[in-house]
Each structure stands twice: as C-alpha cells, then as structure tokens.
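Novice: Residue numbers (the numbering used here), protein chains in the order written: chain H, 1 to 345; chain G, 1 to 345.
For each residue, glycine too, the CB sits at the ideal point set by N, CA and C.
Number of protein chains: 2
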Amino acid sequence: MVTAREIAELCGVSVATVSRVFNQPASVSGPTRERVERVARELDFSPNESARALSRKQSAMIGLVWDTDHRRPGWRHPFLQDLLLGLKSALSSHGYHLLLLATSDDARSRTPGVSLADPVGYVSMTRRHHLAGLVLIDSGSDAEAFTAFARSGLPCVALDVAISGPKATYVTSDNVRGAADAVAHLAGLGHRRIATLTGPRDNTPAAERTRGYRDGLAAAGLEARDDYVVSGDFYRESGFVGMRRLLARKEPPTAVFAASDEMAVGALLAARATGLRVPDDLAVVGFDDIEVASLVDPALTTIAQDKPGFGTAAAEALLKMIETDAAPEPVLLPTRLVVRDSCGA
Amino acid sequence: MVTAREIAELCGVSVATVSRVFNQPASVSGPTRERVERVARELDFSPNESARALSRKQSAMIGLVWDTDHRRPGWRHPFLQDLLLGLKSALSSHGYHLLLLATSDDARSRTPGVSLADPVGYVSMTRRHHLAGLVLIDSGSDAEAFTAFARSGLPCVALDVAISGPKATYVTSDNVRGAADAVAHLAGLGHRRIATLTGPRDNTPAAERTRGYRDGLAAAGLEARDDYVVSGDFYRESGFVGMRRLLARKEPPTAVFAASDEMAVGALLAARATGLRVPDDLAVVGFDDIEVASLVDPALTTIAQDKPGFGTAAAEALLKMIETDAAPEPVLLPTRLVVRDSCGA
DNA sequence: GCTACTCATGTAACCGGTTACAGCCGAAGG
DNA sequence: CCTTCGGCTGTAACCGGTTACATGAGTAGC
C-alpha cells in the first residue's frame, strides 16, 4: 500500500499538500497539483478510507437496513435486485458505497453496543461506522423502528414507508393513482362489480392502494361495497382464500383488483379451482409487475412500479440531504398500467 | 458519541485497558473488566470502526463484488435475496458486515485509483477499505476478472465460478450430479431419447451440467447423440429456439433436460407452440428451482439448488480463511430433484 | 530476605489521513 | 523602499482506537 506520505516525499511536498490535491484542488498551484496527480497515478495511490473517515468524522458509506420480517420469513422483496442496482449505480458516481448492516443475528456477538433485533443496535451501528446516510427497506413490520432512525439525525430515505424528520424522507409509488388506474381499466371494459384484495392493514402502500380503489370506483360512478373489499397480506395464499370468499358472495364480482401480483396469482388459481375462466368469467388486475406476471396463464394485467426508479430516487434524495442539510419532499414514483391477458380485450 | 477515553476516565483506568476489555478480555482482571463493561453499557459506548480499522489495518467488512453483465443487462441472479440473507446472517454473527462495492459507474469519480469497469479499480477499492475478505458473485462474464481478485491475496470466495489461489475458493452446486439425477429421472420414466439445452459455453456450471447429462445417459445405458445437445445461454428465448430446433430433428427427443429453469420454460412454450402436450408428448426437467417453476403450466420438475446454502457456505469458507490463513476446499452443495408435473407420473 | 517471574496496567508510538494555523514570498499600493 | 495583502505551502495537532514495551506489585522459590 502506497501512502500519501510516500507521494509527498517523492514530490518534495508535504502530506498536507497531497491531501489538498484530492480534496481542495483549487487551493494547490497548477504545477504542484499536476506533479502530485501524476505520481499518485503512477504509483496507484489509493487513500486509506479508514483514516479518511476517522479524520473527517464521516465515511463514504451509505447504510442499508434490510431484513426479513420474522413474522413472515418467506417474504421476498418484489424487486430488490433492480433496486440495489439503481442505488449502487447512483451512489457510486458520487463515491459512496453501500454497507449492508447486520444486527438481527448478532445475539452471539460480544461487541458492545450491539443488541439484537432492536433498532438501537442498528442506530449504534450507524454511528460507529460514521455513515453518511441510510436507506431503509421495508420488510413489512419495521415502520415504528424506522422512526427511530429518522430521529437519529442521520440522512434517511425509506422505501414504501412514510417517515419524516429533519433529514428524513421517503420514496414510494403513486399507489393511489396506480390503483385508481387499475379500476378505471376494469370499468372501461364494462365491469360494474369490481372487488379488491387488499394488503396488510398496517402497511402504508396497501392502505393507499385501497384508497385508490375507492377513488377509481367513485370516478367511474360505481358504488363502493364493503362486501367487495377482502383483506389479505400480499401473499399468494391470501389472494387465493380471499378470491374464494369473493366468489362465494350472493352477487359475486366480475372483476378484481389485487393489491399485489402475488395475490393476483392467488386469485387466478382460485378462479381456476372454482371452474371460472379468466378473463371471460373474471377479470384480474395485479400490482407490482413481478417477473411471474408475464408467465402465468393468462398473463397478468398489472400496475407496474418503476423498479430502478426506487433506487435512483432514493440515492438522489439521500445525496441532496447529505449536501444541503435539508429534507426533500417525499418522492412519488409514477406507475404504469401493463395490459396483458387477464382482463380480456 | 462516547469514546474509549471517556470510559477510561470514568473508570479510572487508561484507554489501553478499555481497549483490552473488548479485544483481549482475558488479560484484564475481573473487577476492572466488569467495571469497564458496566460503564460502557450504561453510556452505550460503540467503538469507532474507522479508528479500529485504521489501527488494526483490517476492517470488519466483507466486500461484495456484484454487477450486471453489460453484455446481457436483463440478467438477474436467480436467488440473490436468499444468498444475501444467508451471507448476512452468517457473517453478522462474527461481527462482519457486507460492503457492496461499486466501481463500474465510477467514470465520473475524481477519486484517485478508481478507474471504471476494470478489476483493478475493484482491487484498489478492496485495499483502500482494508476489507477482511471478498465474495464474488458471478454475473456471467467476470470469470477472468475474478482471478485478479484471487491473486490479490485477500480471502476470496466466488460463487459458481471456479477460482483458485492461496486464499481463494468457491462454492457451487453439485452440477454434474444434479444434471445426472435429472437424466436418471427421465430415463426411469422410460425415456430413451433425451436431449439437453445447455448454458453458455464459457460458464462453468453450464459445462458441468452438460457433463452430468452425459454421465446420466451413460449410467442409463443410453447413447449420447450430438444432435441432442443444443447450446443456449440460460435465457428463456434460447430455450424456446433450442427446443424448436430439437423438435425439428428427424427423430425428435421425447424428453429434454434444460440447464436452467428459464430455458425449461422456453422449452415448454416451444412445445406448446408446436402443438405438443407436456408431459404427454414431451417431458421437461429444469435446473435452479426458481420461483416461477411452480407457477408455469404444467408446473416444472426441476433440480433445486440450495439457495440459502450458498450464502452460509460462502460465509463459512471466508471466515475460515480469515482465521486460519488456509484455503478450504471448494464447496459442492447438494441439489435436490423436485418432481412436479412436467414429466408425467 | 533476596531474586525471579507472573500478572495487571500504564505509557506512548502508531495507523494514515485532514485541516487550523502560521509562515513565506511576490506583487500591488502608497 | 516599505507595508499590505493574497496565494501557496509547511507544521503540527487531531481523529479514536490498538499494541509493543515498560513498570510495578505481588508471589513463589531458594
């Protein structure tokens, strides 16, 4: 490892000057700067990030808080890969890296300050690494823990969870509008008995999608019927069970908006199990546009989320907070109706 | 932030003693140790990781090298989430975190030592962060870049790419055996004309699966026919195209082993497009057991990989290398035949 | 009772940068 | 010609830990 000291000696300057070349280049005279830059390049000088972080009291890392919800271990984020790629690419162009924070399994750790699954452990972790900011990925039940991060004063961006604070904001899809679009699509095809399969009660996007469903009904001049709202938990099984209940109503719906593609797939299976044909006897719209949506039979019409957009929007918000000390407004990403075969022509 | 100095003053000891309490507890007398531990707990002391890393010349972070192959941007890892969860949980119990390294988009970065997409940039990155080790995730074309990491002397574990070095090893599924199992299953159902759709030529697991296919044929006493081996690239489209070619043979196969589930799905679609019924006219076995495998119609019989096993095995190998300075043998994870509907009874 | 050795702890150098402050030099102004 | 000022550079303190080495107390051995 070549250090700044060696560069300095070779160039006949002090380490301070070397440091300045990379941090405040304007304060170094042209010839000196060029000499240092050239030597640094030749020797493949890479500044030690630990030393840098120690002295600046700020590391070039963004913490990523992400864990499985222990209440539902099978849950997978619908588009984590796209999200990570978006985040990584946007952050890297500003020199930041992503640190995957791990604490929930730390029960056995002897390190002080790390207690298990509690947010305090995470907050302590962010402090000890002098992180520049945090990205919080919803795993289903962390909403209240996230407010602890928002209060910590560190720049925080949450995904799909509404948080607020002096340096906290969030990114989410325009769930209300997306759901309304879904209902409008169904109404436009002539459906008048449109039901919905909702997500978990304590989940913000789920609540917003239910609101959008009602908005969509209202916009189409249709009445909102309580017996057409069945609550689920985003999982396929709850879609299956919920759909069977809907189909057992005296006046069963002819169309259904599912708050997640997984539940929509469940609804498809329920229809098949009941002997109904999709889309002829039942139209189905999902939400997310996960990979399987295009593979099921019939292919699922759905509301697509802007998957890489989550990553880049989160990165941008974070960088703004780091640089300007102000919390930007929450970001509402537009959704897009993807028409496939599950609603008919 | 409370520092070790403050703890030391409150306890009437030196900082060295405080440090020892957390690093070599045995060298501190009982009463002193307990006093320091109590005060540290009360004040929520979290040692500054930058200072720690600086002085130990070793950080508590494992680098994760993962990027999309620019030659095929749509490619997604079949089970990244499970892998990350496994890694994270296994590493966190030893106090390590995962650092997602980003360089390929760093063209605009002014930081010295970081040039874009080349492995040198990555290696420089690993040095400047004083990483404890590296996990290399195959994105399709990085095989030669990975050997650069292996040579760097840092403990390295690659997934699905064979690398070797004084402190390098890899984790992969037992592809040969898995493929042989698939063929054995087909042969056991009476099939005698068994074809295969292979993965990319430069991909090690793909080559192993092809070898397993031949082994399986030999074990069943069947001849290996060159016209039954069609090469693909793991993508669905290549499965579709490849299957059509196979079905156009003078003596078309009655069964096919696809080296990935995506290609198996493509084969399913090709069969449907040709008017063949699966499994009656054609039996299909895939590899991976991705989520859609159970969703397609008919549900796909496939060779399942041990998804969380990849993460935990990688973590274990890495920790062993960090602690013992020796490179463990490559890990071969067992696969499992999952029988669904695409091969008939 | 003196030496030898062990154990616990303190002292201080060190890791490799950043940055406040001081100093030097040349040019502009009086 | 002397002062002033601004631009560039060096000096040294500092970030917060770790650890080699020194020190001193207590104990065992003779």
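If we call anything under 9 Å between Cβ atoms a contact, is residue 195(H) one with residue 131(H)?
Specialist: On the first sequence, position 195 is the one that residue 195(H) refers to. On the first sequence, position 131 is the one that residue 131(H) refers to. In this structure, residue 131(H) does not lie closer than 9 Å to residue 195(H) by Cβ.
Novice: Give me the Cβ distance between residue 239(G) and residue 265(G), rounded to the nearest whole Å; I'm assuming they're in contact under 8 Å.
Specialist: Residue 239(G) sits at position 239 when you count from the first residue of the second sequence. Residue 265(G) sits at position 265 when you count from the first residue of the second sequence. Their Cβ separation, rounded to whole angstroms, is 7 Å, which keeps residue 239(G) and residue 265(G) in contact under 8 Å.
Novice: Tell me which residues share the same chain as residue 296(G) and place their Cβ nearer than 7 Å to its Cβ, disregarding the 5 neighbours each side in the sequence.
Specialist: Reading the second sequence from its first residue, position 296 is the one you call residue 296(G). Hits under 7 Å: 265 and 268.
Novice: I want to see whether chain H comes within less than 9 Å of residue 249(G), judged by CB atoms only; does it?
Specialist: Within the second sequence, residue 249(G) is the residue found at index 249, counting from 1. No, residue 249(G) lies away from the interface with chain H (no Cβ there is under 9 Å from its Cβ).
Novice: Per DSSP, what kind of secondary structure is residue 241(H) in: helix, strand or coil?
Specialist: The count along the first sequence starts at 1 and reaches residue 241(H) at position 241. Of the three classes helix, strand and coil, the one that applies to residue 241(H) here is helix, per DSSP.
Novice: Considering only DSSP beta bridges, list what residue 65(H) is partnered with.
Specialist: Counted from its first residue, the first sequence places residue 65(H) at position 65. According to DSSP, which records beta bridges pairwise, residue 65(H) is partnered with 136(H).
Novice: From 258(H), 237(H) and 155(H), pick the residue whose C-alpha is nearest to that of residue 229(H); which is it?
Specialist: Working through the first sequence from its first residue, we reach residue 229(H) at position 229. Cα-wise, what sits closest to residue 229(H) is 258(H).
Novice: Are any of the Cβ atoms in chain H nearer than 9 Å to that of residue 61(G)?
Specialist: For the purposes of this step, residue 61(G) is taken as the residue at position 61 of the second sequence. Answer yes: the Cβ-Cβ gap between residue 61(G) and chain H drops below 9 Å somewhere.
Novice: Which residues mark the beginning and the end of the alpha helix (DSSP H) in which residue 313(H) is found?
Specialist: As a working mapping, residue 313(H) is identified with position 313 in the first sequence. Taken as a continuous stretch (DSSP letters only), the alpha helix (DSSP H) holding residue 313(H) covers 307-324.
Novice: Name, going along the chain, the residues of the stretch 26-51 of chain G whose beta-carbon falls closer than 9 Å to a beta-carbon of chain H.
Specialist: 37, 40, 41, 44, 45, 46, 47, 48, 49, 50 and 51
Novice: In three-state terms, what does DSSP make of residue 194(H)?
Specialist: Here residue 194(H) corresponds to residue number 194 of the first sequence, with the count starting at 1. It is a strand residue.
Novice: Give a yes or no on whether the minimum CB-CB distance between residue 243(H) and chain G is below 9 Å.
Specialist: Locating residue 243(H) in the first sequence gives position 243, where the first residue counts as 1. Not an interface residue.
Novice: Using a Cβ cut-off of 8 Å, pull out every chain H residue sitting near residue 306(G), in sequence order please.
Specialist: By one-based count along the second sequence, residue 306(G) stands at place 306. Within 8 Å Cβ-Cβ: nothing; residue 306(G) doesn't reach chain H, min ~16 Å.
Novice: In the stretch 283-295 of chain G, which residues sit with their C-beta less than 7 Å from some C-beta in chain H, listed in chain order?
Specialist: 291, 292 and 295
Novice: Can you tell me which residues form a DSSP beta bridge with residue 94(H)?
Specialist: Reading the first sequence from its first residue, position 94 is the one you call residue 94(H). In the DSSP output, where bridge partners are listed per residue, residue 94(H) has none listed.
Novice: Sort 307(G), 201(G), 145(G) and 177(G) by Cα distance to residue 215(G) and report the nearest one.
Specialist: As a first step, residue 215(G) must be located in the second sequence, where it is residue number 215. Among 307(G), 201(G), 145(G) and 177(G), the Cα nearest to that of residue 215(G) is on 177(G).
Novice: Which chain G residues are close to residue 297(H), counting only those with a beta carbon under 7 Å from its beta carbon?
Specialist: Translated into positions along the first sequence, residue 297(H) becomes position 297. Near residue 297(H) (Cβ distances below 7 Å), the residues of chain G are 297.
Novice: Name, please, each residue of chain H whose Cβ falls closer than 7 Å to the Cβ of residue 81(G).
Specialist: The residue given as residue 81(G) occupies position 81 in the second sequence. Those within 7 Å of residue 81(G) in chain H are 76, 77 and 80.
Novice: Excluding five sequence neighbours on each side, which residues of the same chain lie with their C-beta closer than 7 Å to the C-beta of residue 15(G)?
Specialist: Along the second sequence, read from residue 1 onward, the residue named residue 15(G) stands at position 15. These residues qualify, in order along the chain: 4, 5 and 8.
Novice: Taking Cβ-Cβ distances shorter than 8 Å, what residues in chain G pair up with residue 277(H)?
Specialist: Start at 1 with the first residue of the first sequence, and residue 277(H) comes out as number 277. Listed along chain G is no residue with a C-beta nearer than 8 Å to that of residue 277(H); the closest approach is about 14 Å.
Novice: Using a 10 Å radius around the Cβ and a threshold of 16 neighbouring Cβ atoms, would you call residue 307(H) buried or exposed?
Specialist: For the purposes of this step, residue 307(H) is identified with residue 307 of the first sequence, where counting begins at 1. With 16 or more other Cβ atoms within 10 Å, it is buried.
Novice: From what residue to what residue does the alpha helix (DSSP H) around residue 22(G) run?
Specialist: The residue labelled residue 22(G) in the question sits at position 22 within the second sequence. Its alpha helix (DSSP H) spans residues 15-23.
Novice: Can we say the stretch 173-192 of chain H touches the stretch 315-330 of chain H, given the rule of at least three CB pairs closer than 8 Å?
Specialist: no
Novice: So, for residue 160(H): in the same chain, excluding its five sequence neighbours on each side, which residues have a beta-carbon less than 6 Å away from its beta-carbon?
Specialist: Counting from one through the first sequence, the residue named residue 160(H) turns up at place 160. Taken in chain order, the residues that qualify are 138, 172 and 205.
Novice: What would DSSP say about residue 3(G), mapped onto helix, strand or coil?
Specialist: Here residue 3(G) refers to the residue found at position 3 when the second sequence is read from its first residue. Of the three classes helix, strand and coil, the one that applies to residue 3(G) here is coil, per DSSP.
Novice: From which residue to which residue does the alpha helix (DSSP H) around residue 344(G) run?
Specialist: Within the second sequence, the letter at position 344 stands for residue 344(G). Residue 344(G) -> no alpha helix (DSSP H), and no H or E assigned at all.
Novice: Per DSSP, what kind of secondary structure is residue 336(G) in: helix, strand or coil?
Specialist: As a working mapping, residue 336(G) is identified with position 336 in the second sequence. DSSP places residue 336(G) in strand when its eight states are reduced to three.
Novice: Excluding sequence positions up to five away, which residues of its chain have a Cβ less than 7 Å from the Cβ of residue 175(G)?
Specialist: In the second sequence, the residue the question calls residue 175(G) occupies position 175. So the qualifying residues of the chain are 205, 208, 209 and 212.
Novice: With burial defined as no fewer than 16 other Cβ atoms inside 10 Å of the residue's Cβ, what is the status of residue 29(G): buried or exposed?
Specialist: Here residue 29(G) is taken as the residue at index 29 of the second sequence, counted from 1. So residue 29(G) counts as exposed.
Novice: If you reduce the DSSP assignment to three classes, tell me which class residue 113(G) lands in.
Specialist: Stepping through the second sequence from its first residue, residue 113(G) is reached at position 113. Its pLDDT being 42, under 50, residue 113(G) is placed unreliably in this model, and the value from its coordinates should be taken loosely. In this structure, residue 113(G) counts as coil in the three-state DSSP scheme.
Novice: Among 288(G), 321(G), 339(G) and 154(G), which residue has its Cα nearest to the Cα of residue 333(G)?
Specialist: In the second sequence, residue 333(G) corresponds to position 333, counting from 1. It is 288(G) whose Cα lies nearest to the Cα of residue 333(G).
Novice: For residue 363(G), which option in 198(G), 339(G), 293(G) and 48(G) has the closest C-alpha, if you only look at C-alpha atoms?
Specialist: Within the shown structure, residues of chain G are numbered from 1 to 345, placing residue 363(G) beyond reach of any answer.
Novice: Please determine, among 80(H), 65(H) and 82(H), the residue with the shortest C-alpha to C-alpha distance to residue 124(H).
Specialist: Against the first sequence, residue 124(H) aligns to sequence position 124. Looking only at 80(H), 65(H) and 82(H), the smallest Cα-Cα distance to residue 124(H) is reached by 65(H).
Novice: Please name the residue, chosen from 78(G), 57(G), 33(G) and 24(G), that lies closest to residue 235(G) on a Cα-to-Cα basis.
Specialist: Mapped onto the second sequence, residue 235(G) falls at position 235. Cα-wise, what sits closest to residue 235(G) is 78(G).
Novice: Label residue 342(G) either buried or exposed according to how many other C-beta atoms from any shown protein chain fall within 10 Å of its C-beta, with 16 as the threshold for buried.
Specialist: The count along the second sequence starts at 1 and reaches residue 342(G) at position 342. Looking at its Cβ environment, which holds 16 or more other Cβ atoms inside 10 Å, residue 342(G) is buried.
Novice: Using a Cβ-Cβ cut-off of less than 9 Å, give me the residues of the stretch 191-212 of chain H that come near chain G, in sequence order.
Specialist: none
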